[in-house]
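Q: The numbering of the sequence shown is the numbering used here, which starts it at 131 and goes up by one.
I have a structure I would like to understand better, so I am pasting it below and will then ask my questions one at a time.
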Amino acid sequence: MKNKAAWQKYSGKLAWPTVLLFGFLCIGYILLWDFYTNGLSEVWTSLIGAALAYGMFTIAHEASHGNISGGVRSFVKLEQVLGWLSSFFLLFPFSAFVVIHLSHHAHTNDPVNDPDHYVNGSNPFTIFFRCLTLISHYFGLTLGKHSKKNTAMNSVRNQSVVFVFVLVAVLGILILSGNGKALFYVFILSALIAAPILAFSFDWLPHYPHNNLSKYHNTRVITISGLEFLSLYQSYHLIHHLYPRVPFYKYRSCFLDIESELLEKQSIIEGFRSQDLKLLDKQNTYVDIRSGKTWSYILEVENVFQETSNVVKIVFKNLEYNRFLYKSGQYVVVADYVDNSLVSRCYSICEDPVTGKLGIAVKSVQGGKLSSHLVTKVKEKDTLRVSGPFGKFLLPRDIDKPFLFIAGGSGITPIISMIKFVLRASEEKVKLLYGCRSNADVIFSRELTDLSNMYSKRFTYLLSFEILDADRQYRYVIDTEIDTYCYVCGPTPMMQVSKDILSKIGVPDNLIRAEEFSQESKKLSGILYQVDASINNKELAFNADCSETILEAALRTDNKMPHACMMGDCGTCKAKLIDGDVTWNSKEDIVLLDHEIDQGYVLTCMCSPKTDITIEV
Numbered sequence: 131m132k133n134k135a136a137w138q139k140y141s142g143k144l145a146w147p148t149v150l151l152f153g154f155l156c157i158g159y160i161l162l163w164d165f166y167t168n169g170l171s172e173v174w175t176s177l178i179g180a181a182l183a184y185g186m187f188t189i190a191h192e193a194s195h196g197n198i199s200g201g202v203r204s205f206v207k208l209e210q211v212l213g214w215l216s217s218f219f220l221l222f223p224f225s226a227f228v229v230i231h232l233s234h235h236a237h238t239n240d241p242v243n244d245p246d247h248y249v250n251g252s253n254p255f256t257i258f259f260r261c262l263t264l265i266s267h268y269f270g271l272t273l274g275k276h277s278k279k280n281t282a283m284n285s286v287r288n289q290s291v292v293f294v295f296v297l298v299a300v301l302g303i304l305i306l307s308g309n310g311k312a313l314f315y316v317f318i319l320s321a322l323i324a325a326p327i328l329a330f331s332f333d334w335l336p337h338y339p340h341n342n343l344s345k346y347h348n349t350r351v352i353t354i355s356g357l358e359f360l361s362l363y364q365s366y367h368l369i370h371h372l373y374p375r376v377p378f379y380k381y382r383s384c385f386l387d388i389e390s391e392l393l394e395k396q397s398i399i400e401g402f403r404s405q406d407l408k409l410l411d412k413q414n415t416y417v418d419i420r421s422g423k424t425w426s427y428i429l430e431v432e433n434v435f436q437e438t439s440n441v442v443k444i445v446f447k448n449l450e451y452n453r454f455l456y457k458s459g460q461y462v463v464v465a466d467y468v469d470n471s472l473v474s475r476c477y478s479i480c481e482d483p484v485t486g487k488l489g490i491a492v493k494s495v496q497g498g499k500l501s502s503h504l505v506t507k508v509k510e511k512d513t514l515r516v517s518g519p520f521g522k523f524l525l526p527r528d529i530d531k532p533f534l535f536i537a538g539g540s541g542i543t544p545i546i547s548m549i550k551f552v553l554r555a556s557e558e559k560v561k562l563l564y565g566c567r568s569n570a571d572v573i574f575s576r577e578l579t580d581l582s583n584m585y586s587k588r589f590t591y592l593l594s595f596e597i598l599d600a601d602r603q604y605r606y607v608i609d610t611e612i613d614t615y616c617y618v619c620g621p622t623p624m625m626q627v628s629k630d631i632l633s634k635i636g637v638p639d640n641l642i643r644a645e646e647f648s649q650e651s652k653k654l655s656g657i658l659y660q661v662d663a664s665i666n667n668k669e670l671a672f673n674a675d676c677s678e679t680i681l682e683a684a685l686r687t688d689n690k691m692p693h694a695c696m697m698g699d700c701g702t703c704k705a706k707l708i709d710g711d712v713t714w715n716s717k718e719d720i721v722l723l724d725h726e727i728d729q730g731y732v733l734t735c736m737c738s739p740k741t742d743i744t745i746e747v
């Protein structure tokens, strides 16, 4: 379903089955109240009530995604009413649930920002306890001391407070009218029983083992016949995460439409069919790592080694003993939260691929938010977001010539991996020129010494504690055979000198390869437009460059706007364009339906201003 229009056939209209389900559930509650008052036992009353509450969650869940109205304007009010009414049966404010659930979609399996990651315990007891207490966790996110710091949650805080007061008032009236016991068993206890069941079936089970960040592998499909009715189609949870605007009763149809695509991507499809994977096997989740494809995971730090005063080597724990597959010279993207913002940087892998281990070296640099954080804060058993492997700074397919490596500073990181591989996998000679400030700044000092001792006849290296200018490099490489693979990594000026010197002594350009350690910040065009935004009656005004998104401009100018995924997937930043014009960066695989875009709705994370604009969030 690579074409967005392909899944839209399931949406864009009133979801009558969901509306009818709400009606049947209401009738069910009325009958249950009557049965209880006429002698039905407390146990059966609570269990049947829990089943009804489970169904009511589906109503609230569908309303949170706009799947009842299907984005049709005339049905939005009905959808909101059903969302709030169903939330009363669950004892939780609908507006807060919308924020929490969309945050789950935006940050699936992120231990920091995925609210539902709370249920991920280390053993059955902690899993049970966390499922049991998830609703209290939700209330903490909604009304706790940190809720005001979340722009999206703070924007609905007043609604949540009013809901709690109204709920308490309604419950109080029923108790004072002599219906307290029936109220407890039909509604309150039923909702409390349903809550941990929902936590397990919606949050823990679909996302186990809770560490894959890839959208095709962070949840699963279970094809066991009949389970879709028992779970109200949450057995097809992967479909919901891929296409959250598809109504729940269409998950299976959508799955059958795209099953071949999911099989091609090796998504987690489990069950008893011949093509299905074994149920709840962790190895199903790790298929991208085992197949050598790029991946994105939450990884645990296994060891941290202090290489120098400002450089650490971080080694990550393997996932269930699966080897990390990569090539020498490649890098991974590491991300973590610094001052409540997710910051990511690229770090070269410093291990020999044959070990199956994944390690990086991080140098703390002045003004480097993430590097300083990793060097000073990260410790064993911490977790980090890691994606990869990436990069084309690779060794040749055939190692049939000697090698010369020139590294400066932290540029030794990919080079050390290459040296290890070449020495182990061939009989070729290897020379290294490594420039750094002092002996105390030599990264991988012990490893270089060990390699020199182990391969004394084939590996030689020279440390230079002075700038690797043209004269120093020339003196070292002058005897290099022109038929030598030459790899250079370090500061740009040093590398340019290296390439010039190597060309000067006759090394062909096709044998010279360089990897630059630098990142260019996004350049703004200088063409600014005024953005006037209304967020729950709070007015904001700021300038946005036409080359950045509205959300990027808001964050750059310290204006708080609701947001989560920043990729168009969740809809948290949905806004109505009141005046002006915008440019869409992309409309592919976004959460908005076509007719919602036609109605003037935009995603601030995907749109850039084309004129002065006015939006309402």
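Built from N, CA and C at the ideal position, the CB exists for glycine as well.
So Ala674 is in the beta strand (DSSP E); what residue range does that whole segment cover?
A: Its beta strand (DSSP E) spans residues Lys668 to Asp675.
Q: Got a sec? Which residues, its chain only, sit under 7 Å from Thr485 by beta carbon, not counting five neighbours each side?
A: Same-chain partners within the cutoff: there are none.
Q: Go through its chain and collect everything with a Cβ distance to Lys717's Cβ below 6 Å, but skip five positions before and after it.
A: So the list is empty, once near-sequence residues are dropped.
Q: Could you tell me whether the Cβ atoms of Glu746 and Ser633 are closer together than 8 Å?
A: No, the Cβ-Cβ distance between Glu746 and Ser633 is not below 8 Å.
Q: Skipping 5 residues on each side, what residues in its chain have a beta carbon closer than 7 Å to that of Arg567?
A: Phe595, listed in sequence order.
Q: What does the alpha-carbon distance come out to for the pair Leu144 and Ile198?
A: If you take the alpha carbons of Leu144 and Ile198, they lie about 6 Å apart.
Q: Taking just the CA atoms, how far does Gln729 sit from Asn133?
A: Annotation note: pLDDT 46 at Asn133 (below 50); position unreliable, no value reported.
Q: From the DSSP output, in three-state form, read off Lys706 for me.
A: It is a strand residue.
Q: Roughly how far, in whole angstroms, is the beta-carbon of Thr424 from the beta-carbon of His347, given that I think they are within contact range, below 8 Å?
A: About 11 Å separates the two Cβ atoms, so there is no contact after all.
Q: For the stretch 677-684 against the stretch 213-226, are there 3 or more C-beta pairs whose distance is under 8 Å?
A: Not touching, per the Cβ criterion.
Q: Is Gln660 helix, strand or coil when you go by DSSP?
A: It is a strand residue.
Q: With C-beta atoms as the reference, is Leu407 less than 8 Å away from Ile398?
A: Cβ distance < 8 Å, so Leu407 and Ile398 count as in contact.
Q: So, using beta-carbon positions, are Ile479 and Tyr461 closer together than 8 Å?
A: Their beta carbons are under 8 Å apart, which means Ile479 touches Tyr461 by this criterion.
Q: Whose C-beta lies closer than 7 Å to the C-beta of Pro339 among residues of the same chain, with five residues either side of it excluded?
A: Excluding sequence neighbours, Pro339 sits near Lys412 and Thr415.
Q: For Ser331, does the count of other Cβ atoms within 10 angstroms reach 16, so buried, or fall short, so exposed?
A: Buried, by the Cβ-count rule.
Q: Return the chain-ordered ranges of every alpha helix (DSSP H) run that is complete within the stretch 255-314 and spans a minimum of 4 residues.
A: Runs of the alpha helix (DSSP H) inside the stretch 255-314: 264-273, 281-285, 287-304 and 310-313.
Q: Can you give me the C-alpha to C-alpha distance between Gly310 and Ser216, rounded to a whole angstrom?
A: One C-alpha to the other measures close to 20 Å.
Q: Is DSSP giving Trp137 helix, strand or coil here?
A: In the structure shown, Trp137 sits in a helix (DSSP, three-state: H, G or I).
Q: Tell me the rounded alpha-carbon separation between Leu654 and Ser320.
A: Those two C-alpha atoms are separated by around 55 Å.
Q: From which residue to which residue does the alpha helix (DSSP H) around Glu358 run?
A: Per DSSP, Glu358 belongs to the alpha helix (DSSP H) from Leu357 to Leu360.
Q: Quick check: what's the CA-CA separation for Arg588 versus Asn433?
A: Near 30 Å, if we compare the C-alpha coordinates of Asn433 and Arg588.
Q: I'd like to check one pair, Leu562 with Ala600: are the Cβ atoms closer than 8 Å?
A: Result no, Cβ atoms of Ala600 and Leu562 do not sit closer than 8 Å.
Q: To the nearest whole angstrom, what separates the beta carbons of Ser458 and Leu360, a pair I think is in contact under 8 Å?
A: Actually they are not in contact, since the Cβ atoms of Ser458 and Leu360 sit about 50 Å apart, beyond 8 Å.
Q: Identify, in the order they occur along the chain, each residue of the same chain with its Cβ nearer than 6 Å to the Cβ of Asn243, setting aside the five sequence neighbours on each side.
A: Excluding positions up to five away in sequence, the list reads His237.
Q: Write down the C-beta distance between Gly710 and Thr687 rounded to the nearest angstrom, noting that I regard them as a contact closer than 8 Å.
A: That belief does not hold up - the Cβ atoms of Gly710 and Thr687 are roughly 18 Å apart, past 8 Å.
Q: What is the DSSP secondary structure of Thr614, reduced to helix, strand or coil?
A: The answer is coil: DSSP assigns Thr614 none of H, G, I, E or B.
Q: On a CA-only basis, which of Leu150, Ser426, Leu301 and Leu212 is nearest Phe520? Give me that one, please.
A: Closest by alpha carbon: Ser426.
Q: Grouping DSSP H, G and I as helix and E and B as strand, with all else coil, what is Tyr427?
A: Reduced to three states, the DSSP call for Tyr427 is strand.
Q: Using the three-state DSSP reduction, which class does Leu144 fall into: helix, strand or coil?
A: It is coil, neither helix nor strand.
Q: Skipping 5 residues on each side, what residues in its chain have a beta carbon closer than 8 Å to that of Glu558?
A: Ile529, Asp530, Lys531, Pro532, Phe533, Val552 and Arg588.
Q: Verify whether the separation of the beta carbon atoms of Cys619 and Leu641 is less than 8 Å.
A: Taking 8 Å as the Cβ cut-off, Cys619 and Leu641 do not qualify as a contacting pair.
Q: Give me the Cβ distance between Phe446 and Leu429, rounded to the nearest whole Å; I'm assuming they're in contact under 8 Å.
A: Confirmed, about 4 Å.
Q: For Ala644, I'd like the list of residues in its chain whose CB is within less than 6 Å of its CB, leaving aside the five on either flank, ordered along the chain.
A: So the list reads Val618 and Met625, once near-sequence residues are dropped.
Q: Between Val292, Tyr731, Cys735 and Met697, which lies nearest to Cys674 when the distance is taken from Cα to Cα?
A: A quick correction: the sequence has Ala, not Cys, at residue 674. Ranking Val292, Tyr731, Cys735 and Met697 by Cα distance to Ala674 puts Cys735 first.
Q: If we ignore side chains and look at the alpha-carbon of each, how far apart do Ile352 and Gln364 end up?
A: In a straight line, the C-alpha of Ile352 is about 9 Å away from that of Gln364.
Q: Which full runs of the beta strand (DSSP E) of 3+ residues lie inside the stretch 553-598, going along the chain?
A: Counting only runs of 3 or more, we get 560-565 and 589-594.
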